[in-house]
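J.: These protein sequences, in sequence, are chains A and B.
Numbering follows the working numbering, in which position 93 of the first sequence is assigned residue number 93; successive positions increment by one, without gaps.
Numbering follows the working numbering, in which position 13 of the second sequence is assigned residue number 117; successive positions increment by one, without gaps.
Idealized CB from N, CA, C, for every residue including glycine.
Protein chains: 2
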Amino acid sequence: MDYIEIFKALSNETRLNILCWLREPEKNFPPQGENLSNPIDLKGGICVSSIQEKAGASQSTISNYLDILQRCGLLLSERHGKWTYYRRNEETIKILSDYIGTKL
Amino acid sequence: MDYIEIFKALSNETRLNILCWLREPEKNFPPQGENLSNPIDLKGGICVSSIQEKAGASQSTISNYLDILQRCGLLLSERHGKWTYYRRNEETIKILSDYIGTKL
DNA sequence: TTGACATATCGAAAAATCGTGATATTATGA
DNA sequence: TCATAATATCACGATTTTTCGATATGTCAA
């Protein structure tokens, strides 16, 4: 668990927003996976273009942000067809919360 | 409470260490305030030079770090004579912990 | 198999951050 | 009043981060 990398990832308003939006995906984003050939449980995952639309930055910037959030463990991703669905990694967030509450 | 500024402040190993060291000041630093003319309750505050010695960076760097940590509310400072004593601001840390646990 | 779409990666310019030494400020004791 | 010690601020080069447009890669449907 690299806390420095986590804090760097959280030091950006858009990335922080993405993490918060993904707490309630169905509330903050349109329905997902509608063009998927066979139905799959997306576990609340949201595709890059939906996140991009909401965040209002360029496609490459958002793709990069999602990569940063995933590499430090705050997000999980799963590819289905053309789409990559990102969702929160609650495990890491729990560990971070415990760290702040007890070690920091 | 500017969480972005707080996360920026925490995105640096030395600053993170300083915050952790100040959890147990008497364990991590030499006794403080020995040359003070009249005795004052320092509330666990540690002077800049003690922190600098432990961190092993330049005086200006540590002074700057402490300023960053204070401006975002993670540290409190109190000047006594020639010395500025820095200590944790547990209130902010508690608010941050709650934020991570419930809002993030 | 090809065209179009979704995403990832690359390369670059601008901005921010890092860390330092030099210098300024503040406070004290001789 | 002056020398000195502790801290703060300044100026700067080096590095990192930000954000983008262009391009590459992967996937599916016609």
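(1) Is it buried or exposed, residue 89/A, if we count other Cβ atoms within 10 angstroms and call 16 or more buried?
(2) List, in order along the chain, the chain B residues whose C-beta lies closer than 7 Å to that of residue 7/A?
(3) So, are the CB atoms of residue 183/B and residue 126/B less than 8 Å apart?
(4) For chain A, find out if any of its Cβ atoms is closer than 8 Å to the Cβ of residue 207/B; answer yes or no.
(5) So with CB distances below 8 Å, who are the chain A contacts of residue 199/B?
(6) Could you tell me whether the segment 105-118 of chain B touches the segment 172-182 of chain B, where touching means 3 or more Cβ pairs closer than 8 Å?
(7) What residues of chain B sit near residue 20/A, judged by a beta carbon separation below 8 Å?
(8) Applying the 10 Å Cβ sphere with the 16-neighbour rule, what's the burial state of residue 81/A?
(9) Determine the direct distance from the alpha carbon of residue 157/B to that of residue 122/B, and round the result to whole angstroms.
(10) Which of the three DSSP states is assigned to residue 176/B in this structure?
(11) Can you have a look at residue 144/B and say buried or exposed, based on whether 16 or more other CB atoms are within 10 angstroms of its CB?
T.: Let me lay it out:
(1) buried
(2) 111, 114 and 115
(3) no
(4) yes
(5) Those within 8 Å of residue 199/B in chain A number zero; the least Cβ separation is about 11 Å.
(6) yes
(7) 207 and 208
(8) exposed
(9) 11 Å
(10) coil
(11) exposed
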